[in-house]
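Residue numbers (the numbering used here): 1 to 219. Beta carbons are placed, not taken as given, at the ideal position from N, Cα and C, and that holds for glycine. Contents: one structure, followed by commentary.
Below you can see the structure in the form of structure tokens.
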């Protein structure tokens with residue numbers, strides 16, 4: 001694909017969003033949750049783990065420890081046992097409990113709804129904060145950049161960066177703010193269904209005619 005002007009890239013991004021909305025009308029956060037706290041904890045547990053696996057352990061976790069105070073006061077061995085199958089369970093249990101304690105100490109046990117406050121919590125970076133803000137509070141403060149989003153954004157020529165925060169900054173310039181939270185879900189769904197890390201299914205891709213990487217990735 002020839003060098004794009006900024007205006008043409010914006011127009012192509014709009015086309016990408018429109019097509020993906022039609023392809024994945026039900027795109028949503030795949031982590032099961034009913035409250036901001038449940039989503040925050042589930043997102044912490046999702047590091048280097050599938051959402052499916054996280055959803056298998058969180059019902060018991062939230063039944064045993066339904067609020068931040070309960071998690072803060074829990075025997076950490078009990079948390080570890082419940083979340084063991086998510087991997088790195090000792091570090092994750094510490095992160096969950098320390099986050100719960102900070103919520104109790106600094107936010108009356110409630111999950112805050114600002115980027116600054118969320119990123120003050122143990123183990124909460126921009127990615128986790130964006131997940132919570134966008135999906136629990138309906139606030140478009142940024143774009144979640146996970147492995148799917150980063151990979152597909154690079155394949156689509158929307159960024160050249162590997163660093164998630166630099167990818168996010170590039171995408172925020174191209175995607176309308178009202179679509180920031182949804183855009184991540186669209187790319188994640190696309191990555192899970194079509195644009196695989198290995199052997200992407202370009203033949204079935206709704207974006208193949210406007211993707212500079214289409215049919216060029218070794219199968």
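- For residue 12, the enclosing alpha helix (DSSP H) has its first and last residue at 6-23.
- If you look at residue 86, you'll find it isn't in any alpha helix (DSSP H); DSSP assigns it neither H nor E.
- DSSP places residue 75 in the coil class of the three-state scheme, outside both helix and strand.
- Three or more pairs of CB atoms, one per stretch, sit closer than 8 Å, so the segment 125-136 contacts the segment 35-42.
- It is roughly 37 Å from the alpha-carbon of residue 121 to the alpha-carbon of residue 6.
- By the Cβ-count criterion, residue 15 is exposed, with fewer than 16 other Cβ atoms from all chains shown falling within 10 Å of its own Cβ.
- Excluding sequence positions up to five before and after residue 165, its CB lies within less than 7 Å of the CB of 126, all in the same chain and listed in chain order.
- Residue 115 and residue 89 have their C-alpha atoms spaced approximately 26 Å apart.
- With contacts defined by Cβ atoms closer than 8 Å, residue 190 and residue 217 do not form a contacting pair.
- In terms of Cβ geometry, residue 104 and residue 44 do not form a close pair [threshold 8 Å].
- Using a Cβ distance threshold of 8 Å, residue 79 and residue 91 do not count as a contacting pair.
- The three-state secondary structure of residue 60, taken from DSSP, is helix.
- In this structure, the beta-carbon distance from residue 187 to residue 148 falls below 8 Å.
- Spatial neighbours of residue 46 in its own chain (CB-CB distance under 6 Å, excluding positions within 5 residues in sequence) are listed in chain order as 54.
- By the criterion of a C-beta distance shorter than 7 Å, residue 202 is surrounded in its chain by 208, 214, 215, once the five residues flanking it on both sides are discounted.
- Cβ contact annotation for residue 170 (same chain, cutoff 7 Å, sequence separation greater than five): 158, 159, 161, in chain order.
- For residue 191, the enclosing alpha helix (DSSP H) begins and ends at 180-193.
- Annotated three-state conformation of residue 208 is helix, per DSSP.
- Counted as a single uninterrupted DSSP element, the alpha helix (DSSP H) harbouring residue 171 occupies residues 164-174.
- Boundaries of the alpha helix (DSSP H) harbouring residue 152: 147-155, taken from the DSSP string.
- Residue 199 sits in coil when the DSSP states are folded into three classes, being neither helix nor strand.
- Proximity to residue 172 across 50, 142, 8 peaks at 142, based on C-alpha coordinates.
- By the Cβ-count criterion, residue 112 is buried, with 16 or more other Cβ atoms from all chains shown falling within 10 Å of its own Cβ.
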